[in-house]
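The letter at position 53 of the sequence shown is residue 53 when you use this note's numbering, and the numbering goes up by one with no holes. Even for Gly, the Cβ is constructed at its ideal location relative to N, Cα and C. Encoded as structure tokens, the structure appears first; notes follow it.
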Amino acid sequence: MAKTALTVNLHIEGARETLRALSALPKDASKELRDASLELSKNLAVKVKASGMADSAPQSAHVASTVRAERDRVPVISAGGNKKLGRNRAPAWALLFGSIFGMSSRSGWYAGPHYAGSSGLQYHRRHRGTAAYWFFPVVEEEQAAISAAWNRAADNVVRDFSEGG
1 MAKTALTVNL HIEGARETLR ALSALPKDAS KELRDASLEL SKNLAVKVKA
51 SGMADSAPQS AHVASTVRAE RDRVPVISAG GNKKLGRNRA PAWALLFGSI
101 FGMSSRSGWY AGPHYAGSSG LQYHRRHRGT AAYWFFPVVE EEQAAISAAW
151 NRAADNVVRD FSEGG
């Protein structure tokens, strides 16, 4: 079965080495790091959701309601899923990429011959390649701050549990 959600794991410098060191510590250390990562993910999810709600395309607000933080050892957020959105009850995954990246072609009901002469855009703006309208610009903007905060949290966990915590 195909995935129906977009999951974004943030790239953090030194994460592999830190996680490797963490594996030698008690399981409670991993739990503490997951808790700290979840807090960072929640903060990022709130900012991404606000960006989507403020976006000009109506589908973006619908999809933004599906943005959530996930619990992992590194900060993770996801969007989409099978939740039905809007007046036509479309699944979130069907609106996800069109709302984030725009769309120059037509799909679904809007691709029908009845709409062949229409000059409108299904997602209210053109596709710009890899340049996103919302979601990814916020993630990229917050990347450095989240990386630094995660490294501080990981250092604290390793220090606390290395001293016999």
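Contained alpha helix (DSSP H) runs [length at least 4] in the segment 17 to 99, N- to C-terminal order: Here the runs fully enclosed are 27 to 54 and 58 to 64.
Candidates P26, G14, D155 and S78, of which the one nearest V63 by Cα: S78
Beta strand (DSSP E) segment containing A145, residue limits: A145 -> not in any beta strand (DSSP E); alpha helix (DSSP H) instead, spanning F136 to S162.
A24 versus A132 - alpha carbon distance: 40 Å
Nonlocal neighbours in the same chain, by C-beta distance under 8 Å from T4, ignoring five residues either side: G80, G81, N82, P91, A92 and W93
C-beta contact flag for N9 and D55 at 9 Å: no
A5 in three-state terms, based on DSSP: strand
Distance between L33 and D171 (C-alpha atoms, nearest Å): Within the shown structure, residues of the chain are numbered from 1 to 165, placing residue 171 beyond reach of any answer.
Cα-Cα separation between L19 and S60, rounded to whole angstroms: 35 Å
Alpha-carbon to alpha-carbon, V157 and P26: 11 Å
Rounded distance between the beta-carbons of L22 and S30, thought under 8 Å: 6 Å
Burial state of P75, where buried means 16 or more other Cβ atoms lie within 10 Å: buried
Distance between beta carbons of A69 and L38, contact taken as under 8 Å: Taking C-beta atoms under 8 Å as the contact rule, L38 and A69 qualify, at a distance of about 6 Å.
Of the listed residues E140, A145 and F97, nearest to G129 (C-alpha basis): F97
Identity of the residue in R87, T66, I146 and W134 nearest F101 by Cα: W134
Whole-angstrom distance between G52 and K84, CA atom to CA atom: 17 Å
DSSP-derived helix/strand/coil call for H114: helix
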